[in-house]
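**Student:** The numbering of the sequence shown is the numbering used here, which starts it at 4 and goes up by one.
Heads up, the beta-carbon is just placed ideally off N, CA and C, and yes, glycines get one too.
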Amino acid sequence: MFCKVIAIANQKGGCGKTTTAINVSACLGKLGKRVLAIDMDPQANLTSGLGINSEELNESIYNVLIEPKKGIKRIIHSTRFKGIDVAPSHINLAGAEIEMVPLYGREFVLKKALENIKDDYDFILIDCPPSLSLLTVNALTSASELIIPVQAHHFALGGLTKLMDMFDIVKEEMNEGISLLGVVVTMFDSRANVSKDALDILKKDKQVSGKLFKSIIRMNIKLVESGKEGAPIIYYDKDCHGATAYMSLTREVIQRYRVAA
Ligand SMILES: Nc1ncnc2c1ncn2[C@@H]1O[C@H](COP(=O)(O)OP(=O)(O)O)[C@@H](O)[C@H]1O
Ligand SMILES: [Mg+2]
4 MFCKVIAIAN QKGGCGKTTT AINVSACLGK LGKRVLAIDM DPQANLTSGL GINSEELNES
64 IYNVLIEPKK GIKRIIHSTR FKGIDVAPSH INLAGAEIEM VPLYGREFVL KKALENIKDD
124 YDFILIDCPP SLSLLTVNAL TSASELIIPV QAHHFALGGL TKLMDMFDIV KEEMNEGISL
184 LGVVVTMFDS RANVSKDALD ILKKDKQVSG KLFKSIIRMN IKLVESGKEG APIIYYDKDC
244 HGATAYMSLT REVIQRYRVA A
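(1) With respect to the alpha helix (DSSP H) encompassing Glu175, which residues constitute its N-terminal and C-terminal limits?
(2) Out of curiosity, what's the CA-to-CA distance linking Thr23 and Pro152?
(3) In angstroms, rounded to a whole number, what distance separates the CA positions of Thr139 and Ser81?
(4) By Cβ distance, which residues of its chain are closer than 8 Å to Val67, with the 5 residues on each side in sequence left out?
(5) For Gln154, which of helix, strand or coil comes out of DSSP?
(6) Please determine whether the Cβ atom of Asn61 lies at a distance below 7 Å from any heavy atom of ligand 1.
(7) Are there any heavy atoms of ligand 1 lying less than 7 Å away from the beta-carbon of Met169, as far as the coordinates show?
(8) Less than 7 Å between the CB of Gln46 and some heavy atom of ligand 2, yes or no?
(9) Using the three-state DSSP reduction, which class does Ala90 fall into: helix, strand or coil?
(10) Using the three-state DSSP reduction, which class does Phe5 fall into: helix, strand or coil?
(11) For Thr164, which residues of its own chain have a beta-carbon under 6 Å away from its beta-carbon, when the five flanking residues on both sides are left out?
(12) Could you check what DSSP says for Val188 in three-state terms: helix, strand or coil?
(13) Should Ser212 be labelled buried (16 or more other beta-carbon atoms within 10 Å of its own) or exposed?
(14) If you follow the alpha helix (DSSP H) that Ile236 is in, where does it begin and where does it stop?
(15) Give the C-beta separation of Arg83 and Gly54 to the nearest angstrom, bearing in mind that I take them to be a contact with Cβ-Cβ under 8 Å.
(16) Output the boundary residues of the alpha helix (DSSP H) element that contains Asp203.
(17) Apart from the five residues just before and just after Asn48, which ones in its own chain have a Cβ nearer than 6 Å to its Cβ?
(18) Provide the residue(s) that pair with Val38 in DSSP beta bridges, ordered along the chain.
(19) From the DSSP output, in three-state form, read off Ser81 for me.
(20) Would you decide whether Lys15 is buried or exposed? Buried here means 16 or more other CB atoms lie within 10 Å of its CB.
(21) Between which two residues does the alpha helix (DSSP H) carrying Gln258 extend?
(22) Check whether the Cβ atoms of Ile237 and Phe191 lie closer than 8 Å to each other.
(23) With the cut-off set at 8 Å, would you say Ser92 and Thr144 are in Cβ contact?
(24) Where the beta carbon is closer than 5 Å to any heavy atom of ligand 1, which residues qualify, in chain order?
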């Protein structure tokens with residue numbers, strides 16, 4: 004199978020991007036796929052969520068973006084979870100945006116870095132920062148698909164148009180091959196009207212409705228705990244509903260590729 008590169012993006016913070024990136028990576032790995040998870044957020048939550056202490060690292064994805072010629076292989080770490088490697092982040096990535104300004108082709112630095120490692124993986128998942136910044140643009144120009152996590156709350160829906168506008172611009176001008184793989188509803192609370200209302204709005208939205216994943220990620224404190232523990236949910240508590248939901252989402256992700264092929 005040709006390597007699929009999935010950007011997980013939404014400029015809204017706290018909508019479940021990192022949790023989705025960690026757990027879909029882990030489920031893909033568990034299903035026998037070779038996965039690289041790339042942390043493009045200076046907050047480095049994906050890095051720590053996969054059990055790596057970013058403060059102890061000499062080099063991270065930051066160094067790849069600043070000195071692309073040195074390649075990405077040297078910063079990749081293996082993890083203790085089946086099938087997953089990680090390209091970690093570091094807080095100094097926050098400065099990368101400005102440091103990358105003089106670079107020629109600065110929107111394509113990550114894409115170039117990925118070229119010679121794509122053969123090593125079935126899937127590369129890129130966890131984006133909560134902004135429509137140059138880091139997110141680098142993820143989108145590298146990606147073959149985009150997954151958008153949306154928190155089931157109507158406040159969370161406002162930014163979707165902006166994100167889709169950016170997606171359209173990237174597709175038109177920088178990466179015509181990218182497509183929207185799907186929109187996943189996260190932090191759904193079946194007792195809360197705001198959650199049900201948000202889901203109704205998404206189901207009626209023309210841009211989104213056909214792309215909604217059937218698997219809905221409900222509120223689950225175990226997902227918070229597992230993130231703090233530095234382990235994906237299927238390794239932290241494989242029977243909780245968060246684990247089941249992420250496995251079911253991952254099977255849908257694979258299924259969407261089969262349908263498209
Ligand atoms: N389904 C969920 N139920 C409960 N808490 C969640 C769920 N998904 C994510 N969280 C928690 O919400 C916070 C924000 O999630 P995160 O994945 O870091 O969002 P983002 O990467 O979009 O900022 C984290 O503390 C995370 O553990
Ligand atoms: Mg995050």
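**Tutor:** In short:
(1) Secondary structure note for Glu175: its alpha helix (DSSP H) is the uninterrupted segment Leu163 to Glu176.
(2) Rounded to whole angstroms, Thr23 to Pro152 spans 8 Å at the Cα level.
(3) Each residue's Cα considered, the two are about 24 Å apart.
(4) Sequence-distant Cβ neighbours of Val67 in its own chain, meaning closer than 8 Å and more than five residues away, are Lys73, Gly74, Ile75, Ile78, Ala90, Val112, Leu113 and Ala116.
(5) In the structure shown, Gln154 sits in a strand (DSSP, three-state: E or B).
(6) Every heavy atom of ligand 1 is 7 Å or more from the Cβ of Asn61, so no.
(7) No; taking the cut-off as 7 Å, the Cβ of Met169 has no heavy atom of ligand 1 nearer than that.
(8) Yes, since a heavy atom of ligand 2 falls inside the 7 Å radius drawn around the Cβ of Gln46.
(9) Note: Ala90 maps to strand in three-state DSSP.
(10) The answer is coil: DSSP assigns Phe5 none of H, G, I, E or B.
(11) Contacts found: none.
(12) Three-state result, Val188: strand.
(13) Residue environment for Ser212: exposed (fewer than 16 other C-beta atoms within 10 angstroms of its C-beta).
(14) Where Ile236 is concerned, the enclosing alpha helix (DSSP H) stretches over Ile236 to Tyr239.
(15) Contact between Arg83 and Gly54 holds: their C-beta atoms lie close to 6 Å from each other, under 8 Å.
(16) Unbroken alpha helix (DSSP H) run through Asp203: Asn196 to Lys207.
(17) Taken in chain order, the residues that qualify are Thr21.
(18) Val38 pairs with Ile87 and Phe126.
(19) Correct three-state label for Ser81: strand.
(20) Per the 10 Å Cβ criterion, buried.
(21) Its alpha helix (DSSP H) spans residues His244 to Ala263.
(22) Between Ile237 and Phe191, the C-beta gap is not smaller than 8 Å, which leaves the two residues out of contact.
(23) No; because the gap between Cβ atoms is not below 8 Å, this pair is not in contact.
(24) Cβ-based neighbours of ligand 1 within the cut-off: Gly16, Gly17, Cys18, Gly19, Lys20, Thr21, Thr22, Met190, Ile220, Met222, Asn223, Leu226, Val227 and Gly230.
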